[in-house]
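Numbering (the working numbering), first residue to last: 745 to 929. The structure appears right after this line, and notes come after that.
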């Protein structure tokens with residue numbers, strides 16, 4: 745992770761520190777991020793807004809869903825429905841208690857989690873359970889989980905993901921003015 749106002753200082757720092765072993769990089773200076781993406785031959789990347797929940801009020805979570813921590817036995821289901829993590833990463837997330845499942849009756853309706861660096865994400869509602877407000881319930885449950893642990897809930901949203909940006913606003917998260925860049929090899 746690199747945050748800097750002066751792109752030349754950031755670039756010099758990366759020249760000294762960045763190696764082939766660094767597979768994932770987040771840069772808060774967008775111009776620097778785009779330049780370093782090309783210079784260091786990263787395979788893919790995302791430009792995102794930061795969002796954070798700064799209210800002291802715990803968000804409400806209805807009893808429409810039964811919220812439970814994911815277990816090892818849930819990893820195959822999670823992998824079938826979320827392809828942005830490797831199976832190894834998903835297993836680590838589950839082991840750390842970073843994935844919440846929402847059940848409607850005996851069926852998993854969706855899930856939400858926390859990426860290894862601490863941001864809320866992995867939000868997914870299965871198609872047959874959409875349009876019931878479950879995304880709100882799942883994300884509110886994770887916001888509460890973070891707040892109860894003493895953390896400021898935060899995440900990143902791709903700049904073109906209007907549905908997610910609208911959801912974050914509806915939930916009371918504050919969106920950053922600027923953007924940041926994630927990149928990986």
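Glycine residues also receive a C-beta, built at the ideal position from the N, C-alpha and C atoms.
Cα-Cα, which of the options is closest to residue i?
i	options	result
residue 918	898, 761, 758	898
residue 828	816, 860, 841, 765	860
residue 705	764, 801, 763	Residue 705 cannot be examined here, being either before or after the span of the chain that is shown, 745 to 929.
residue 882	767, 848, 906	848
residue 905	893, 887, 748, 794	794
residue 796	929, 928, 888, 821	888
residue 901	916, 788, 893, 920	920
residue 851	770, 751, 810, 746	810
Do residue j and residue i have their beta-carbon atoms positioned less than 8 Å apart in this structure?
i	j	result
residue 878	residue 846	yes
residue 864	residue 855	no
residue 742	residue 923	Absent from the structure is residue 742, since the part of the chain shown begins at 745 and ends at 929.
residue 903	residue 781	no
residue 813	residue 857	no
residue 929	residue 767	yes
residue 786	residue 927	yes
residue 731	residue 916	The chain is shown from 745 up to 929; residue 731 falls before or after that span and cannot be answered.
residue 769	residue 757	no
residue 759	residue 776	no
Can you tell me where the beta strand (DSSP E) with residue i in it begins and where it stops?
i	result
residue 848	843-848
residue 920	918-928
residue 854	851-858
residue 903	Run containing residue 903: none; DSSP gives neither H nor E here.
residue 805	Neither: residue 805 is in no beta strand (DSSP E) and is coded neither H nor E.
In the DSSP assignment, what are the bridge partners of residue i?
i	result
residue 748	Per DSSP, none; premise fails for residue 748.
Counting along the chain, where does the alpha helix (DSSP H) carrying residue i start and finish?
i	result
residue 777	774-783
residue 838	831-839
Write down the C-beta distance between residue i and residue j rounded to the nearest angstrom, noting that I regard them as a contact closer than 8 Å.
i	j	result
residue 831	residue 819	7 Å
residue 869	residue 853	6 Å
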